[in-house]
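Residue numbers (our numbering), protein chains in the order written: chain P, 74 to 616; chain E, 7 to 235; chain H, 3 to 325. Report on the structure given below.
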Amino acid sequence: MSTATLEPRVQSPRNYLNADYGWKSWLFTVDHKRIALLYMVSITFFFVIGGFFAFLMRLHLIEPQGALVQPETYNKLFTLHGVIMIFFFLIPSIPAVLGNFLVPLMIGARDLAFPKLNLLSWYIYIVGGLFTLYSAIAGGVDTGWTFYTPYSSTYSNTQVTAVAVGVFITGFSSILTGLNFIVTIHKMRAPGLTWYRLPLFLWSIYATSIIMILGTPVLAITIFLLALEHLFHVGIFSPQLGGDPLLFQHLFWFYSHPAVYIMILPAMGVISEIIACFSRKRIFGYKIVGFSSVAIAVLGFLVWGHHMFVTGQSVYAGLIFSFLSFLVAIPSAIKVFNWTSTLYKGSISYEAPMLYALGFIGLFTMGGLTGMFLASIATDVHLNGTYFVVAHFHYIMVGGAVMGYLGGLHFWWPKISGRKYPNGWAMLSAAIIFIGFNLTFFPQFVLGYLGMPRRYAFYPAEFQVLNVMSSAGASILGVGYLIPLIYFIWSMRYGPIAEANPWGATGLEWHTQSPPPTENFEHIPVVTEEAYAYSAEEEALRV
Amino acid sequence: MSDTQVEHAEQTGLAHQFEDLSQQHDADTFGIWIFLVTEIMFFGGVFAGYAILRWFYFAAFEGGSHLLDIRLGAFNTVVLLGSSLTMALAVRSAQIGSRRAQIIFLTWTLILGGVFLGIKAYEYHQKFVEHIVPSLDWAPEGEVLARLAPGGLNHAQLYFFFYFGMTGLHALHMIIGMGLLFWLLLRARRGDFTPAYFAPVEVVGLYWHFVDIVWIFLFPLLYLIGGRY
Amino acid sequence: MQGIPIRPDQASTIAQSVDHLYFFITAVTLFFSVLIFSIIFYFMIKYRRRSPDERPKAIEGSLPLEILWTAIPTLIVAVMFVWGSTLYFQNSVAPPGAMEIFVTGKQWMWKVEHPEGQREINELHVPLGRPVKLTMISEDVIHDFFIPAFRIKKDVLPGRYNSMWFEPNKLGTYHLFCAQYCGAFHAGMVGSVIVVEPDEYERWLLGGVQGETIEAAGERIFKESGCSTCHLPDGSGPAPSLTGVYGSTVHLTNGQTLTADDAYIRESIVSPAAKIVSGYKPVMPSFQGQLSEEQILDLVAYIRSIGLPQDNAKEKQQEEGKK
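Quick look at the structure:
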């Protein structure tokens, strides 16, 4: 990769970025690629806000008595950190940015099935985001992103209704995106592109979309009922009024557990693409990996009770949920072994995307394995509600999903922007992120086992050393995230021009110019080879 | 796209992302079915909550149910089923290309939908008269109080919360449906729909049938609890 | 300056077995993490790209390998599942004769009531070597009673009793935390569990303010709240007799039957209309809001104590025997 020099202004060929100018051409676009960029900017905005709240939290926690804010404010910080990161960053991230951009390109179509619905999804997301920002500015919310009743419905006097409306509205963005992807993948594949020739990224997006359309509506109705209860004090979730707080938890987790698979499955899809390209080999066990995605989506709907082992739910229900929770780990393990086997006798190069992918495998493995502690009820009884859980899900969501997103951005950036970024800086920030991440979250496993509960604005002094380590790691992690932000923006003006296929990857998206024209392809391609046709024999056929 | 292509597309209604009308029709109908699945999950959540609390507090729910007017509910059920019939006939009219029939049946569907909502509004009004609107006007008295007290007033209020919540959500879906029907009516009058291109009518038709089916479940669950009087 | 602690005290009979499972899972986690990291590292170096024209041979997959690395993890998680479930199952039922202590949680404090009437706030004194069963309820939002040194916790719910048990096997003072977010001072809803020698516990019980036992308190509330007006012992009033009802089978007007336990007693006090005993009219008023959760717990204890006369005598004997 060449070092950056100031390129002379070259007349770029007509592409989706320069096809039209002006704010109207962006805000009223129906081009899936432009919509992907609209999402990219918006989720980055929310990531910065959610990250800022996390930064304040970690700063606050360097002192046992709390160094920065009042407990009530701390409670609002962790609530909004969770709400923003989950609903406005993680859930949309890969599907709405990379999925929107790539799905039509990867299947050889000119756009998604419903382009106007796609734009509507983005506007819905923005409106939901505005309600949530309003709730943050107008006093904040202090219920935790899980909104447990009766605290959220009856006792909290913070902006519960506003944030509930925000989350409710944004849910429809998810639903419409998932709907769009399912119909597109079913009905708009290019000639010759059978299901078993699809890139694994699309299998993951498809499985994710199934979860989006089946799970999100249940969250919507739950939040709707919660908002009604907060406003009108008629208690279906409040015992004082005859209701049942555990009913809320069951309804809430019925969505929110599958939601975590919405966050991780697309990242797994990205990893498959990157590993294949940077080993120059087909993913080992292609069909198994594809089916594993679907298995995770299905099993993911059956395990929600593992969030409720200590609520006093029946022992037998607990045993069933525990069993199924162990089961859902198996397809993920299978994927990790298959990715690793893909490296065997491959031809491996180490550019930034590959570093992110390899980092993902390591961190996701650790995160997934720590789930075992929580699936096993006897240990979960001790660890539930402590920092162990916090560490576990951050390993998966940050060590996994965010690294998958960043890896995908680095992989497809030349296609999206037509520019290359400086690989040296990219590899450096990948390393900084990896180190900062582990320093932030590994101590939290120990903290949890020692008994420090989560959501504590102040804590016993004996936990301070580990907390300070975690906060130190967080600052390093923050630096690691900042660097790509800078060089990506820099690259859009000063980065070297990218050719159509800078990585030598397979996949239809690489067989059109970088950036693609608005209609994606001059002619709709006809597919005659399997996915990941990297071998010499397959390349010879590709004349 | 060239000018002739644009013209052609406008004439036939083919959108730029599809190769031909049959692919577009396929995608549109598949899309609405997926959307209806999400609606099932949406209503499913509140139905599940209702089922659980009714199991806990059967006496209270029964008392509340006996205060609903079963005749109005039954009449509304017939009205809505009728509107599904006229909707199906509207789709058929579009399929065979009869502009006049489309307009007639779409109009009838709108009228029947309006009748349903009118009766619903009357029923809601009655609840205010009897002061059994949760939180907003909850002060049951006399005969009404006598029916609700045995099951526990708090739990009876829960029942009416579900009543208003579920029928209210349903009514909201109906209002949206009627808006869509009105839009269809305008397009039908303009002659937009031909045997080759009638997907919008079919899509709205499927949505309308779904809203009808939700009511088919709501009516027995809310109105027909336990024995009568 | 404290060093970095590695694990909490093991102060209950189950703590060690939970830790054993924990360490097994840790070992598995470590093993597979190191395995994957090493293999990746090794492949990264051995198969690094040496020339830009390299085209590795395609390898589709290997069914035997897939089966192997599906079966082995399945086996391992099966072990974890069986081990964890067995432990959980064993720990879910309190041993008979466990000493019962009532806990009420409220924003943001713990109120503890010993059977002899001794009350504590944010502290729980327990004797070494005796099983203790906690029956817990919240007065407001969901809390969670968490004792890391004992490796146990349970959510404390409003409107419903939850219970858990433990047997302390090490003297000392241990952290008590609320482990379910409950509002502004969730972090402040902490306290201590103090395990003392049995005779010191007896001294502590006697040393406090001489109060009435829980059952005596319950009997007093039963009379003061007017319960005794309708619930006559011979059943001749408009309400069923409560003598001997605890633990017995109750027939309801809707045809259902149930066993009268703590939850049923409590529900009958706060939501009497939900379940009406067969042969009686729904005339009992609700006491929700008039009695605190602690008072309701006292009533439950009293109603438990008025079992059938011979049961009553047996219980008294057991109480004497323990002391």
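Glycine included, each C-beta is placed from N, C-alpha and C at the ideal position. Note that the coordinates shown come from a computational prediction; the quantities given were computed from them, not determined experimentally.
- Query: Roughly how far, in whole angstroms, is the beta-carbon of Val256 (chain P) from the beta-carbon of Lys189 (chain P), given that I think they are within contact range, below 8 Å?
  - Reply: For the purposes of this step, residue 256 (chain P) is identified with residue 183 of the first sequence, where counting begins at 1. For the purposes of this step, residue 189 (chain P) is identified with residue 116 of the first sequence, where counting begins at 1. At roughly 13 Å, the Cβ-Cβ gap does not stay under 8 Å, so Val256 (chain P) and Lys189 (chain P) are not in contact.
- Message: Whole angstroms are fine: how far does the CA of Ile309 (chain P) sit from the CA of Gly316 (chain P)?
- Response: The residue given as residue 316 (chain P) occupies position 243 in the first sequence. The residue given as residue 309 (chain P) occupies position 236 in the first sequence. Going from the Cα of Gly316 (chain P) to the Cα of Ile309 (chain P) covers about 4 Å.
- For Tyr235 (chain E), three-class secondary structure by DSSP: As a first step, residue 235 (chain E) must be located in the second sequence, where it is residue number 229. Residue confidence for Tyr235 (chain E) is low, a pLDDT of 47 falling below 50, so the modelled location carries little weight and cannot support an answer.
- Taking only beta-carbon positions, decide if Asn256 (chain H) is within less than 8 Å of chain E. Stepping through the third sequence from its first residue, residue 256 (chain H) is reached at position 254. Residue contact check for Asn256 (chain H) against chain E: a CB pair falls below 8 Å.
- Message: If contacts are defined as beta-carbon pairs under 8 Å, then Ser548 (chain P) and Glu572 (chain P) qualify, I think. What distance do you get, rounded to the angstrom?
- Response: For this step, residue 548 (chain P) is matched to residue 475 along the first sequence. For this step, residue 572 (chain P) is matched to residue 499 along the first sequence. Actually they are not in contact, since the Cβ atoms of Ser548 (chain P) and Glu572 (chain P) sit about 38 Å apart, beyond 8 Å.
- Can you grab the Cα-Cα spacing for the pair Thr28 (chain H) / Pro150 (chain H), in whole Å? Indexing the third sequence from 1 puts residue 28 (chain H) at position 26. Indexing the third sequence from 1 puts residue 150 (chain H) at position 148. Their backbone Cα atoms lie some 18 Å apart in a straight line.
- Message: For the pair the region 362-369 of chain P and the region 36-46 of chain H, tell me if three or more CB-CB distances fall below 8 Å.
- Response: The count of Cβ pairs closer than 8 Å, one atom from the region 362-369 of chain P and one from the region 36-46 of chain H, stays below three, leaving the stretches out of contact.
- Quick one, which residues of the region 35-55 of chain H are near chain P if we go by CB-CB under 7 Å, in chain order? Within the region 35-55 of chain H, the residues whose Cβ lies closer than 7 Å to some Cβ of chain P are Ser35, Ile38, Phe39, Ile41, Ile42, Phe45, Met46, Tyr49, Arg50 and Arg51, listed in chain order.
- Query: Counting only beta-carbon atoms, is Pro200 (chain H) nearer than 8 Å to chain E?
  - Reply: Here residue 200 (chain H) is taken as the residue at index 198 of the third sequence, counted from 1. So, not an interface residue.
- Message: Within 8 Å of any Cβ in chain H, is that where the Cβ of Lys488 (chain P) sits?
- Response: Locating residue 488 (chain P) in the first sequence gives position 415, counting from the first residue. No - not a single Cβ of chain H is within 8 Å of the one on Lys488 (chain P).
- Query: Under the three-state reduction of DSSP, which class applies to Gly107 (chain H): helix, strand or coil?
  - Reply: To locate residue 107 (chain H), count along the third sequence from 1; it is residue 105. Gly107 (chain H) sits in a strand when the DSSP states are folded into three classes.
- Item | Beta-carbon proximity of Phe83 (chain H) to Ser115 (chain P), cut-off 8 Å | As a working mapping, residue 83 (chain H) is identified with position 81 in the third sequence. As a working mapping, residue 115 (chain P) is identified with position 42 in the first sequence. No, these two residues do not count as a Cβ contact at 8 Å.
- Closest Cα partner of Ala609 (chain P) within the set H:Ala189, H:Ala186, H:Asp11 and H:Glu56: For the purposes of this step, residue 609 (chain P) is taken as residue 536 along the first sequence, with counting starting at 1. Its Cα nearest to that of Ala609 (chain P), the residue H:Glu56 stands out among H:Ala189, H:Ala186, H:Asp11 and H:Glu56.
- Task: Tell me, please, whether the region 426-435 of chain P touches the region 503-510 of chain P by the rule of three or more beta-carbon pairs shorter than 8 Å.
- Result: With a cut-off of 8 Å, the region 503-510 of chain P and the region 426-435 of chain P count as touching, because enough Cβ pairs lie within range.
- Task: Check the Cβ-Cβ distances between Thr31 (chain H) and every residue of chain P, and say whether any is below 8 Å.
- Result: Here the question's residue 31 (chain H) lines up with position 29 in the third sequence. Yes, contact with chain P.
- Query: For Thr459 (chain P), which of helix, strand or coil comes out of DSSP?
  - Reply: Position 386 of the first sequence holds residue 459 (chain P). Correct three-state label for Thr459 (chain P): strand.
- Message: Among the candidates H:Ile271, H:Ile123 and H:Gly281, whose CA atom is the shortest distance from the CA of Gln292 (chain H)?
- Response: On the third sequence, position 290 is the one that residue 292 (chain H) refers to. The shortest C-alpha to C-alpha distance from Gln292 (chain H) to any of H:Ile271, H:Ile123 and H:Gly281 is the one to H:Ile271.
- Proximity test, Cβ basis, 8 Å: Gly69 (chain E) and chain P: One-based indexing of the second sequence puts residue 69 (chain E) at position 63. No, its Cβ sits nowhere closer than 8 Å to a Cβ of chain P.
- Message: Given a cut-off of 8 Å on the beta-carbon distance, is the pair Val617 (chain P) and Thr152 (chain P) in contact?
- Response: Examination of residue 617 (chain P) is not possible in this model, given that chain P is present from 74 through 616 alone.
- Proximal residues, the region 142-166 of chain E versus chain H, C-beta separation under 9 Å: Within the region 142-166 of chain E, the residues whose Cβ lies closer than 9 Å to some Cβ of chain H are Ala155, Pro156, Gly157, Gly158, Leu159, Asn160 and His161, listed in chain order.
- Run the CB neighbour count on Glu62 (chain H), radius 10 Å, all protein chains shown included, and call it buried at 16 or more, exposed below. In the third sequence, residue 62 (chain H) corresponds to position 60, counting from 1. Flag for Glu62 (chain H) reads exposed.
- From the DSSP output, in three-state form, read off Trp218 (chain P) for me. Mapped onto the first sequence, residue 218 (chain P) falls at position 145. The answer is coil: DSSP assigns Trp218 (chain P) none of H, G, I, E or B.
- Item | Inter-residue spacing [alpha-carbon to alpha-carbon] between Ile337 (chain P) and Ala578 (chain P) | Locating residue 337 (chain P) in the first sequence gives position 264, where the first residue counts as 1. Locating residue 578 (chain P) in the first sequence gives position 505, where the first residue counts as 1. If you take the alpha carbons of Ile337 (chain P) and Ala578 (chain P), they lie about 23 Å apart.
- Who are the neighbours of Pro284 (chain H) on chain E, taking C-beta pairs under 7 Å? Position 282 of the third sequence, counted from the first residue, corresponds to residue 284 (chain H). Under a criterion of Cβ atoms nearer than 7 Å, the residues of chain E adjacent to Pro284 (chain H) are, in order, Pro156.
- Task: Compare the Cα-Cα distances from Gly580 (chain P) to each of P:Tyr560, P:Glu602 and P:Thr216 and report the closest residue.
- Result: Here residue 580 (chain P) corresponds to residue number 507 of the first sequence, with the count starting at 1. Taking only the C-alpha atoms, the option nearest Gly580 (chain P) is P:Glu602.
- Item | Contacting residues, own chain, Cβ-Cβ under 8 Å from Thr83 (chain E) (five flanking each side not counted) | As a first step, residue 83 (chain E) must be located in the second sequence, where it is residue number 77. Closer than 8 Å at the Cβ level, and outside the excluded window around Thr83 (chain E), lie Trp221, Ile222 and Phe225.
- Query: Lys488 (chain P) by DSSP, collapsed to three states: which one?
  - Reply: Here residue 488 (chain P) corresponds to residue number 415 of the first sequence, with the count starting at 1. Looking at Lys488 (chain P) - three-state DSSP - the assignment turns out to be helix.
- Going by C-alpha distance, which of P:Met439, P:Ala402, P:Ser282 and P:Trp96 is nearest Ile74 (chain H)? By 1-based counting over the third sequence, the position of residue 74 (chain H) is 72. Of P:Met439, P:Ala402, P:Ser282 and P:Trp96, the residue nearest in Cα terms is P:Ala402.
- Residue closest to Glu145 (chain P), alpha-carbon to alpha-carbon, out of P:Met113, P:Asn230, P:Asn191 and P:Tyr207: Looking up residue 145 (chain P) in the first sequence gives position 72. The shortest C-alpha separation from Glu145 (chain P) is found at P:Asn230.
- Message: Which residues of the region 567-601 of chain P have a Cβ closer than 9 Å to any Cβ of chain E? Give them in chain order.
- Response: Those would be Glu592 and Ile597, in chain order.
- Message: For a quick check, are the C-beta atoms of Pro201 (chain E) and Gln101 (chain E) less than 8 Å apart?
- Response: Mapped onto the second sequence, residue 201 (chain E) falls at position 195. Mapped onto the second sequence, residue 101 (chain E) falls at position 95. Taking 8 Å as the Cβ cut-off, Pro201 (chain E) and Gln101 (chain E) qualify as a contacting pair.
- Query: Beta-carbon of Pro140 (chain E) versus every beta-carbon of chain P: anything under 8 Å?
  - Reply: Taking the second sequence and counting its residues from 1, the one referred to as residue 140 (chain E) is at position 134. By this cut-off, Pro140 (chain E) is an interface position.
- Message: Does the distance between the C-beta of Val238 (chain P) and the nearest non-hydrogen atom of the ligand COA fall short of 7 Å?
- Response: The ligand COA is not among the ligands present in this structure, which contains no ligands whatsoever.
- Cα-Cα, which of E:Ala94, E:Leu190 and E:Gly157 is closest to Glu68 (chain E)? As a working mapping, residue 68 (chain E) is identified with position 62 in the second sequence. Closest by alpha carbon: E:Gly157.
- At a Cβ threshold of 8 Å, is His72 (chain E) touching chain P? As a first step, residue 72 (chain E) is located in the second sequence; it is residue number 66 there, counting from the start. For His72 (chain E), the nearest beta carbon of chain P is not closer than 8 Å to its own beta carbon.
- Query: Looking only at C-alpha atoms, which of H:Gly237, H:Gly131, H:Ser280 and H:Cys229 sits nearest to Leu254 (chain H)?
  - Reply: In the third sequence, residue 254 (chain H) corresponds to position 252, counting from 1. The shortest CA-to-CA distance from Leu254 (chain H) to any of H:Gly237, H:Gly131, H:Ser280 and H:Cys229 is the one to H:Ser280.
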